[in-house]
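For the protein sequence lines, the chains are A and B, in the order given. The letter at position 169 of the first sequence is residue 168 when you use numbering that gives the first Met the number 0, and the numbering goes up by one with no holes. The letter at position 48 of the second sequence is residue 47 when you use numbering that gives the first Met the number 0, and the numbering goes up by one with no holes. Positions of the beta carbon are idealized from the N, C-alpha and C atoms, including for glycine. Just so it is clear, the structure is predicted and the values come from calculations on it, not from any experiment. The block underneath contains the structure these notes are about, expressed in structure tokens.
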Amino acid sequence: MPKISVIQFPGSNCDRDTKHVIEDVIGCRADLNWYESADLSNYDGIVLPGGFSYGDYLRAGAIAAQTKIGNSLKRAAREGKPILGICNGFQILTELGLLKGALTTNSYPKFRCEHVYLKVNNTESIFTRKFDKNEVINLPIAHKEGRYYNQDPELSELKNSNQIAFKYSNKEGEVTKASNPNGSCENIAGLINEKGNVLGMMPHPERASEDILGSTDGKKILKGMIESIN
Amino acid sequence: MLDPEGKAIKKSLQKVGFEDVEDARVGKQIKLRLKAESKEEVRSEVDKMCKKILANPVIHQYNIKVEGI
């Protein structure tokens with residue numbers, strides 16, 4: 000059975016939810032590993048959970064990215080291990096340079112905690128292959144620093160190489176300004192790296208993996224990642 | 000690049016009569032005290048810090064001001 004490491008930073012707060020979904024909903028093994036002592040060589044996949052590592056001091060994710068787990072994550076990414084960064088995890092991945100661009104304060108600068116619709120833009124990655132092309136899914140967001148920012152030529156490269164995983168959309172799958180909760184460029188809600196083994200996303204799949212929570216769309220992302228191992 | 004806090008400040012200034020304000024941007028000031036022999040040494044060290052962690056080149060510009068040597 001694959002072993003997934005869920006990394007805990009000081010200030011992580013979605014770590015146990017993530018472990019619960021991987022273990023109790025999907026039936027895979029997940030360990031919580033403290034960032035200073037985590038040995039990623041023992042694991043087949045890694046999740047960087049949501050939260051506020053280091054209180055979002057300096058910039059969200061910036062300080063966590065400078066700790067020694069940063070190098071271990073870069074190594075794991077090079078080795079092709081699947082890495083999923085959720086919310087603060089996405090911020091850490093961009094600060095590490097494992098994903099391009101940056102996440103900054105929402106265009107309307109308040110904390111937004113609500114369910115949003117996402118259009119699945121890439122259905123070929125290990126994380127998104129359980130979805131149909133242009134399928135509209137429903138996941139919750141909870142962030143104040145989730146505005147994805149990047150410029151050309153990098154932004155065009157991301158589009159051309161199909162690295163945009165999810166875009167904020169309306170229920171009909173139309174990618175509009177009104178359906179963009181934070182002002183992200185191109186309505187980007189999730190990005191994949193060039194190699195296809197690293198996904199960062201602001202919405203929370205672990206909060207939408209059980210019927211009782213109103214959506215199970217998130218489970219497909221985690222399941223896709225776990226099933227890709229072996 | 001949009002700076003929502005700067006935009007709110009600009010609007011507020013204009014509302015209370017400072018109509019000439021064309022733009023406002025809010026940044027961060029980080030004060031550091033270093034052991035060093037010269038201003039050049041401080042500048043070069045702090046520049047390295049900015050590149051390594053203090054600034055994110057995707058969204059930030061930075062200036063370094065050295066005092067007290």
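Best match in the options for proximity to residue i [C-alpha to C-alpha]
| i | options | result |
| --- | --- | --- |
| F130 (chain A) | A:N120, A:P139 and A:L138 | A:N120 |
| A61 (chain A) | B:G16, B:M48, B:L33 and B:A23 | B:M48 |
| K176 (chain A) | A:Y116, A:K132 and A:E156 | A:Y116 |
| Y167 (chain A) | A:E134, A:E153 and A:S155 | A:E134 |
| E113 (chain A) | A:F8, A:I6, A:P202 and A:S11 | A:P202 |
| A141 (chain A) | A:C27, A:P108, A:D30 and A:Q162 | A:P108 |
| E21 (chain B) | B:K27, B:L1 and B:Q13 | B:Q13 |
| E36 (chain B) | B:E44, B:E18 and B:A23 | B:E44 |
Contacts of residue i in chain A (Cβ-Cβ under 7 Å)
| i | result |
| --- | --- |
| M0 (chain B) | Y148 |
| I70 (chain B) | In the structure as shown, chain B begins at 0 and stops at 68. Residue 70 (chain B) is therefore absent and cannot be evaluated. |
Distance CB(residue i)-CB(residue j) smaller than 8 Å
| i | j | result |
| --- | --- | --- |
| N186 (chain A) | V197 (chain A) | no |
| K38 (chain B) | V65 (chain B) | yes |
| E193 (chain A) | S160 (chain A) | yes |
| K85 (chain A) | M200 (chain A) | Note on residue identity: the sequence assigns Ile, not Lys, to residue 85 (chain A). It is a contact, given that the beta carbons lie within the stated cut-off. |
| G230 (chain A) | I220 (chain A) | The first residue shown for chain A is 0 and the last is 229, placing residue 230 (chain A) beyond what the model contains. |
| S52 (chain A) | I91 (chain A) | yes |
| E209 (chain A) | C13 (chain A) | no |
| N87 (chain A) | G49 (chain A) | yes |
| L102 (chain A) | E144 (chain A) | yes |
| Q7 (chain A) | L39 (chain A) | no |
| S183 (chain A) | R146 (chain A) | yes |
Residue i, enclosing beta strand (DSSP E) - first and last residue
| i | result |
| --- | --- |
| F165 (chain A) | I163 to S168 |
| M200 (chain A) | V197 to M200 |
| I228 (chain A) | That residue, I228 (chain A), is in no beta strand (DSSP E); it is neither H nor E in DSSP. |
| E153 (chain A) | Premise fails: E153 (chain A) lies in the alpha helix (DSSP H), E153 to N159, not in any beta strand (DSSP E). |
| D30 (chain A) | R28 to W33 |
| I3 (chain A) | K2 to Q7 |
7 Å Cβ cut-off: residues of chain B touching residue i
| i | result |
| --- | --- |
| T17 (chain A) | Per Cβ cutoff of 7 Å: no residues; T17 (chain A) is ~26 Å from chain B at best. |
| S52 (chain A) | Those do not exist, as S52 (chain A) stays about 14 Å from chain B at its closest Cβ, beyond 7 Å. |
Neighbouring residues, chain B, relative to residue i (Cβ below 8 Å)
| i | result |
| --- | --- |
| Q65 (chain A) | K51 and I52 |
| R58 (chain A) | N55 |
Where residue i meets chain B, residues with beta-carbon distance less than 9 Å
| i | result |
| --- | --- |
| A188 (chain A) | Residues of chain B passing the Cβ test: none, with the nearest at roughly 18 Å. |
| Y107 (chain A) | P3 |
| A61 (chain A) | I52, L53 and N55 |
The alpha helix (DSSP H) enclosing residue i, as first and last residue numbers
| i | result |
| --- | --- |
| E185 (chain A) | Per DSSP, E185 (chain A) belongs to no alpha helix (DSSP H) and is neither H nor E. |
| S11 (chain B) | P3 to K14 |
| E40 (chain B) | K38 to M48 |
| T93 (chain A) | N87 to L95 |
| G54 (chain A) | Note, G54 (chain A): premise wrong, no alpha helix (DSSP H); not H, not E. |
According to a CB-to-CB cut-off of less than 9 Å, which residues of the stretch 170-195 of chain A neighbour chain B?
-> Correct list: G182.
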